[in-house]
C-alpha cells in the first residue's frame, strides 16, 4: 500500500449492478490511460454479489472472482481498497466499517449512507488514517466534491444551488417542453428506465436531500442533520403552473439550495438549506439544464459564480467518478475526506424554514378575478407582502387562474397571508405557491 | 515543511499587482476558513516588487516586508513556497528555477511561461520532488486544471473546447448584442480596462493558445509545442458576419479546441488542436457564455459531456485559484504536477490543420446572386464540398452578401475551392469563412 511500489492497487468491489458493471468495463477499456496517469495498474480481485449465478452485463477480468461472503472481501489482506456500490444503509455501513477496521481505503457512491450516518465513518477513517472518497455520490460525473474539497478551499462559500436529481429534472423537462401532466411524465420516465417503480426517493426530493447534506458538509464543514432538512419534491406539480411560470419568463426546477443567511452574528454562520421546486429565470444557466442532466452553481467570495453541468447518473458517468477516486488512492494521496482539518465537525446553525426570505409565485383559481385580486392584495398587504406582477387569465366556468409574483418576503408571512385568504372564505381551494430564485 | 507540524506555511510572493493584491486580501479576509480547512495558518513573509515606494491597492499584513532582490525571496530558508505572479517569461523562469533549486514549492499563474518553457520546470520539480501548481493559469476561477489532473483521470478525453480569453469574448458579446463593429468594441473594452493598450495577446489568440497548450498537456500527457499550434484571433471580424451567423442560429465565439482525430492508429492518439473564431449553435451552453466569462466543455469516454463556467480573470477570482493551490501545498499534498506518472512527456502527434474536417460558414459579396451561386456551387462541388444552407440577401449597389453553410469537409478542400473562385475571377474579394462547431 505504499506509493513507492509500482505494484498494482488491489480492489475489492461490492455490488455488480449498473455502476459496478460500468467500473469493470472502464478498468479494462481505459487500462492504458490508468497506467500512464498513476504509474501502476489497478487490479480487480473480488466482486461481492448476492448470487453468483445471475447473468451480468459486464465480464469479469481474468483473475477476478465473484464472492458472496462480505468477509472474504473486507478481510482479504491483499485488497487495498473497498469500492462500495451496493447502496442502502445498514449492509453498506457494516461493510465499510469492517473494511476500515481492516485498514482498507474506501471509495463509495452511497449518498444515503453518508448523509444519514456518514459522521461515524468519517471519524473512523480519520482515526485509521484511511482515504474515504465519494465523488460519485453527488451529481454523478460532475466533480463537485473535489471542487469543494480542494479547488475552492480558499473561498467562503456564499451559496450553492443544484439540480441534483435527474429523474425529477427529466419529468419537469417533459412537462415543460411537451405540456405533459405530472403523472404522464412520470410514467414515461418509468418506461424509459429513468424512474424506479417506486419513484418516491427521486420525486419527493429525498435523493436530492441526501446529496445536499453532503454538499453542505463539504462547503461549510458542519454537520447538518438529514432529518432537519426542509424537503419538498415535485409530486403533483401541475402543467398549468409550469405553463404560467413560462409566461413570466421562468422554468420550474427542483432545486437543492444552501446559503449563508444575511444578518447572522459574525462568528456563527447561519445556514438556509432545503430542497424545493422553484421558479428559475429562463436566462440563468440553471434554467437551461434539460433532461436527466445535473448542474451545480456555487457562489463564493473569491471565485464569484461558478457553474458545473454534466451527467448526474448512468453506468459510465458514475463509474468514471468512482474510478477518479480509485486513482487518487492509487496515487497514495493523503486523506482529505471532509475537506476540513477539524476532527469533529460542529453542528450547523440552522435558519428555520419559515424565516427564509424569497420572492414567491402564487396561483389561485377564481371566478371573479378583479374582485378577488382586490381582496387578495388586502390579505397580502396585511402581512407586509407586496405584489410585483400579476397575470389574470380570461375564461369562464370552473374558474380561471389568477397569478402573481411577490416582492421578497418571509415564508412565515406568505403562509399567514394565504391562511388569511382561506379564513376569509376568499378562496375555495388552497393557493399554489412556489419560491422564485435569484441567480446570475 | 512537514504536514505533522501545525506551523504556518510560509509564503514568498513575487508580484504585487492586481492578482497579488487580491491574494493578500484573501489571506486576511479568509484566514479563519483557511485555518479550518488545512489546520494551519498561511503566513506571507516577503513580497518581491520592482519598486518599494509605489502605491499598492492592498495593505501588507503585519510581519510581511517588500523586497526588491529576488534572492532575498528564493534563498530565504524559512520560505516554503514561492507564489509567482510577475508574468512574462525570462524573469519568472529564472525565479522559479532558482526557487526549485532551493527546495521551494511553486504556485504560479503564468500560462505563457508554462506553455512556452514549462517542460524543463516540470522536469526539475519532479527531480526535486516539489509541488508545481498552476490552477490560476487557465480559466481563472474555473477549476479545470484540477478536474483534468485528478477528477477525470480515469477518462479518455475525446475533446475539449474552451472560451479561454475574456477580452475576446467581451468584444464578441458586445458586437453580438449591440451590433458594434470590432474596432468600436475593442476601444470600449480598453476604456473599461478589459483590454490592454496593446491588445494583441488577447485578440490575436495568443493568450488562449497558451492556455490550450496547458490543457492539451493535462488532457493527453503530451508535449504540444506552442509554435506548432494553429492560432487565429478575432481581429477584423465584421459585425455583418456576426449578424448573419445569428440568422442561421449561431453565435461567433473565439474557441480553443483540442480533439482526438478519428481514424488514427490504435496506439497513437492524433490531436487536432487550435484557436479560431467559430460559429457555435445558440442552444449550446458554450454559445451562452457572455461578457468576460470563460467556459470549458470536456467530452470524455466515461463522464460524457461536462461543462464548466466561471470568471476567467479579475483580482479575486484568480487569487482564489492561487489560494486553492497554496492550500494544497499547506496540506502537504504529494506532487501531481502534470497529472501523469511519466517523467518525460512524449511529443504530441499532430494532425496538420489543413486535414481538419469541419462544417463551414462562407460569406461572399456579390452583385448577381443567382449567377454567382451557380458558379460558386460548381467551385465547391469540384472539391467535393456540398452546401447545406444558403441565405441570399436582396439589395443593390456595392454588392450583397451571399452566405452558405457547408456539410463537413477538410480545411484543404475549403481553401482550394475558395482559391478556385478567385482564380476564375468569380469573386473580387476573398470570401470570409469560419468553422462551425458541433457540441451539445
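Chains as they are written, first to last, in this note's numbering: chain A, 3 to 442; chain B, 3 to 442.
Ideal placement from N, C-alpha and C gives every residue a C-beta, glycine not left out.
Terminal residues of the beta strand (DSSP E) in which residue 253 (chain A) lies:
Reading the first chain from its first residue, position 251 is the one you call residue 253 (chain A). Under the DSSP assignment, residue 253 (chain A) falls in the beta strand (DSSP E) whose first and last residues are 252-262.
Alpha-carbon spacing of residue 393 (chain A) relative to residue 191 (chain A), whole angstroms:
For this step, residue 393 (chain A) is matched to residue 391 along the first chain. For this step, residue 191 (chain A) is matched to residue 189 along the first chain. Distance between the alpha carbons of residue 393 (chain A) and residue 191 (chain A) is about 32 Å.
Three-state secondary structure (DSSP) at residue 296 (chain A)?
Position 294 of the first chain holds residue 296 (chain A). Looking at residue 296 (chain A) - three-state DSSP - the assignment turns out to be strand.
Short CB-CB distance (under 8 Å) between residue 313 (chain B) and chain A:
Within the second chain, numbered from 1, the residue matching residue 313 (chain B) stands at position 311. True, the Cβ-Cβ gap to chain A drops below 8 Å.
Taking just the CA atoms, how far does residue 304 (chain B) sit from residue 409 (chain B)?
Reading the second chain from its first residue, position 407 is the one you call residue 409 (chain B). Reading the second chain from its first residue, position 302 is the one you call residue 304 (chain B). Computed Cα separation, rounded: 29 Å.
Between residue 17 (chain A) and residue 88 (chain A), how many whole angstroms is the CB-CB distance? I'm expecting something under 8 Å.
Mapped onto the first chain, residue 17 (chain A) falls at position 15. Mapped onto the first chain, residue 88 (chain A) falls at position 86. Right, their Cβ atoms sit about 4 Å apart.
Beta-carbon proximity of residue 131 (chain B) to residue 102 (chain B), cut-off 8 Å
The sequence position of residue 131 (chain B) within the second chain is 129, counting from 1. The sequence position of residue 102 (chain B) within the second chain is 100, counting from 1. No. Outside cutoff.
Name the two residues that bound the continuous alpha helix (DSSP H) containing residue 495 (chain B).
Since the displayed chain B opens at 3 and closes at 442, residue 495 (chain B) lies outside it and no answer follows.
Sequence-distant residues of the same chain with beta carbon closer than 8 Å to residue 228 (chain B), five excluded per side
For the purposes of this step, residue 228 (chain B) is identified with residue 226 of the second chain, where counting begins at 1. Here the set comprises 117, 118, 211, 212 and 215.
Which residue wins for smallest C-alpha separation from residue 56 (chain A), given the options A:69, A:47 and A:65?
Counting from one through the first chain, the residue named residue 56 (chain A) turns up at place 54. Distance from the Cα of residue 56 (chain A) is smallest, within the candidate group A:69, A:47 and A:65, for A:69.
So if I threshold CB-CB distances at 9 Å, which residues from the segment 174-198 of chain A count as touching chain B?
So the list is empty, because no residue satisfies the distance condition.
Got a sec, what are the start and stop residues for the alpha helix (DSSP H) residue 202 (chain B) sits in?
Working through the second chain from its first residue, we reach residue 202 (chain B) at position 200. Unbroken alpha helix (DSSP H) run through residue 202 (chain B): 202-205.
Would you mind telling me which residues of chain B sit closer than 9 Å to residue 334 (chain A), beta carbon to beta carbon, in chain order?
For the purposes of this step, residue 334 (chain A) is identified with residue 332 of the first chain, where counting begins at 1. The contacting residues are 336.
Boundaries of the alpha helix (DSSP H) in which residue 324 (chain A) is found, first to last residue
As a position in the first chain, residue 324 (chain A) is number 322, starting the count at 1. Residue 324 (chain A) -> alpha helix (DSSP H) spans 317-332.
If you measure beta-carbon to beta-carbon, which residues of the segment 145-158 of chain B are closer than 7 Å to chain A?
For the segment 145-158 of chain B, which is checked against every Cβ of chain A, the residues closer than 7 Å are 145, 148, 149, 152, 153, 154, 155, 156, 157 and 158.
Opening and closing residue of the alpha helix (DSSP H) in which residue 31 (chain B) lies
In the second chain, residue 31 (chain B) corresponds to position 29, counting from 1. Looking at the DSSP string, the run of the alpha helix (DSSP H) that includes residue 31 (chain B) is 20-31.
Please identify, using Cβ separations under 9 Å, the residues of the segment 340-367 of chain A that lie next to chain B, in order along the chain.
Here the close residues are 341, 342, 343 and 344.
Could I get the ranges of all uninterrupted beta strand (DSSP E) runs contained in the segment 103-143 of chain A, with 3 residues as the minimum, in chain order?
Restricted to the segment 103-143 of chain A, the beta strand (DSSP E) segments that are unbroken, complete and at least 3 residues in length are 107-110, listed in chain order.
For residue 137 (chain A), go through chain B and note every residue whose CB falls closer than 9 Å to its CB, in chain order.
As a first step, residue 137 (chain A) must be located in the first chain, where it is residue number 135. 153, listed in chain order.
Using a Cβ distance threshold of 8 Å, determine whether the segment 77-87 of chain A contacts the segment 11-26 of chain A, with at least three qualifying pairs required.
Yes: the two stretches touch, three or more of their Cβ pairs being nearer than 8 Å.
Residue 247 (chain B) versus residue 285 (chain B): straight-line alpha-carbon distance, rounded:
Translated into positions along the second chain, residue 247 (chain B) becomes position 245. Translated into positions along the second chain, residue 285 (chain B) becomes position 283. The C-alpha of residue 247 (chain B) lies about 13 Å from the C-alpha of residue 285 (chain B).
Would you kindly work out how many angstroms separate the C-alpha atoms of residue 35 (chain A) and residue 242 (chain B), rounded to a whole number?
Here the question's residue 35 (chain A) lines up with position 33 in the first chain. Here the question's residue 242 (chain B) lines up with position 240 in the second chain. Here the alpha carbon of residue 35 (chain A) sits roughly 45 Å from the alpha carbon of residue 242 (chain B).
Between residue 89 (chain A) and chain B, is any beta-carbon pair separated by less than 8 Å?
Here the question's residue 89 (chain A) lines up with position 87 in the first chain. At a cut-off of 8 Å between beta carbons, residue 89 (chain A) makes no contact with chain B.
Strictly below 8 Å CB to CB, what residues from chain B border residue 32 (chain A)?
Reading the first chain from its first residue, position 30 is the one you call residue 32 (chain A). Correct list: 156, 157, 158, 303 and 304.
For the alpha helix (DSSP H) holding residue 160 (chain B), just list the boundary residues, first then last.
By 1-based counting over the second chain, the position of residue 160 (chain B) is 158. First-last for residue 160 (chain B): 159-165, but that is the beta strand (DSSP E), not the alpha helix (DSSP H).
Candidates A:128, A:374 and A:260: which alpha carbon is nearest residue 439 (chain A)'s?
Indexing the first chain from 1 puts residue 439 (chain A) at position 437. Of the listed residues, the one whose Cα sits closest to residue 439 (chain A) is A:260.
Say whether chain B places a C-beta atom closer than 8 Å to the C-beta of residue 257 (chain A).
Mapped onto the first chain, residue 257 (chain A) falls at position 255. No, its Cβ sits nowhere closer than 8 Å to a Cβ of chain B.
Just to check my reading of the structure: residue 225 (chain A) and residue 350 (chain A) have Cβ atoms closer than 8 Å, yes? What is that Cβ distance to the nearest angstrom?
Within the first chain, residue 225 (chain A) is the residue found at index 223, counting from 1. Within the first chain, residue 350 (chain A) is the residue found at index 348, counting from 1. A Cβ-Cβ distance of about 6 Å is found for the pair residue 225 (chain A) and residue 350 (chain A), placing them in contact under the 8 Å criterion.
Checking contacts by CB at 8 Å: is residue 1 (chain B) closer than that to chain A?
A query on residue 1 (chain B) cannot be resolved here, the shown segment of chain B reaching from 3 to 442 and no further.
How many Å lie between residue 6 (chain A) and residue 151 (chain A) at the Cα?
For this step, residue 6 (chain A) is matched to residue 4 along the first chain. For this step, residue 151 (chain A) is matched to residue 149 along the first chain. Any reading at residue 6 (chain A) must be qualified, since the residue scores a pLDDT of 48, below 50, and its modelled position is unreliable; the value itself is stated next. Straight through space, the alpha carbons of residue 151 (chain A) and residue 6 (chain A) are spaced by roughly 26 Å.
Would you say residue 439 (chain A) reaches chain B, if we count a Cβ-Cβ gap shorter than 8 Å as a contact?
Counting from one through the first chain, the residue named residue 439 (chain A) turns up at place 437. Output row for residue 439 (chain A): interface = no.
Thinking C-alpha only, which one of B:44, B:80 and B:52 is nearest residue 63 (chain B)?
The residue given as residue 63 (chain B) occupies position 61 in the second chain. Nearest option by C-alpha distance: B:44.
Cβ separation of residue 220 (chain A) and residue 205 (chain A), assumed to be a contact under 8 Å, to the nearest whole Å:
Indexing the first chain from 1 puts residue 220 (chain A) at position 218. Indexing the first chain from 1 puts residue 205 (chain A) at position 203. Actually they do not touch by this definition, with Cβ atoms about 25 Å apart.
Close-in-space but distant-in-sequence residues of the same chain around residue 348 (chain A) (CB under 6 Å, 5 per side omitted):
As a working note, residue 348 (chain A) is residue 346 in the first chain. Cβ neighbours of residue 348 (chain A) beyond the five flanking positions: 224.
Leaving out five residues on either side along the sequence, give the residues of the same chain with a beta carbon under 7 Å from the beta carbon of residue 148 (chain B).
Position 146 of the second chain, counting from 1, holds the residue named residue 148 (chain B). Excluding residues up to 5 positions away in sequence, 137 lie with their Cβ nearer than 7 Å to the Cβ of residue 148 (chain B) in the same chain.
Can the beta-carbon of residue 330 (chain B) be found closer than 8 Å to that of residue 135 (chain B)?
Counted from its first residue, the second chain places residue 330 (chain B) at position 328. Counted from its first residue, the second chain places residue 135 (chain B) at position 133. For residue 330 (chain B) and residue 135 (chain B), yes; Cβs fall inside 8 Å.
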